[in-house]
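In our numbering, the protein residues as written are 6 to 131.
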């Protein structure tokens, strides 16, 4: 039996090089995941201790948000494999939320300006 077109062959890889990750899958050492799990555990414990020690005010929220962002960064980079992805894919995932945060901050500045302008010149806030 003869085919009209050639049968595709496997990708030829030069000596000393490994085939692409799609051919055999990426394998990361279990120690890496256990280390990240340990870091996540420590950051969660620190976040809990901020509440347990009754830290109040801006320091409390700064610490909680800092720990939250560190945990999210670890999860994104290791468990979602962004540390090994192309930079364009990383930008596609991380850039839109950062742009939204900047836009929300601009809206907060404008709202604060409008509130205080009304409070000063019109005698009331709302």
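We put the beta carbon where it would ideally sit given N, CA and C, even for glycine.
| query | result |
| --- | --- |
| Tell me the residue span of the alpha helix (DSSP H) that contains residue 43. | 35-57 |
| Mapping the DSSP letters down to three states, classify residue 90 as helix, strand or coil. | coil |
| Going by the beta-carbon positions, is the gap between residue 47 and residue 79 smaller than 8 Å? | no |
| Please say whether residue 68 and residue 60 have beta carbons closer to each other than 8 Å? | yes |
| Taking only the alpha-carbon atoms, compute the straight-line gap between residue 110 and residue 50 and give it to the nearest angstrom. | 29 Å |
| For residue 57, I'd like the list of residues in its chain whose CB is within less than 8 Å of its CB, leaving aside the five on either flank, ordered along the chain. | none |
| Suppose the cutoff is 7 Å on Cβ atoms and the five residues either side in sequence are ignored; what does the same chain contact list for residue 32 look like? | none |
| Are there 16 or more other CB atoms within 10 angstroms of the CB of residue 83, so buried, or fewer, so exposed? | buried |
| Put residue 112 into one of helix, strand or coil per three-state DSSP. | helix |
| Tell me the DSSP secondary structure of residue 60 in three-state form. | coil |
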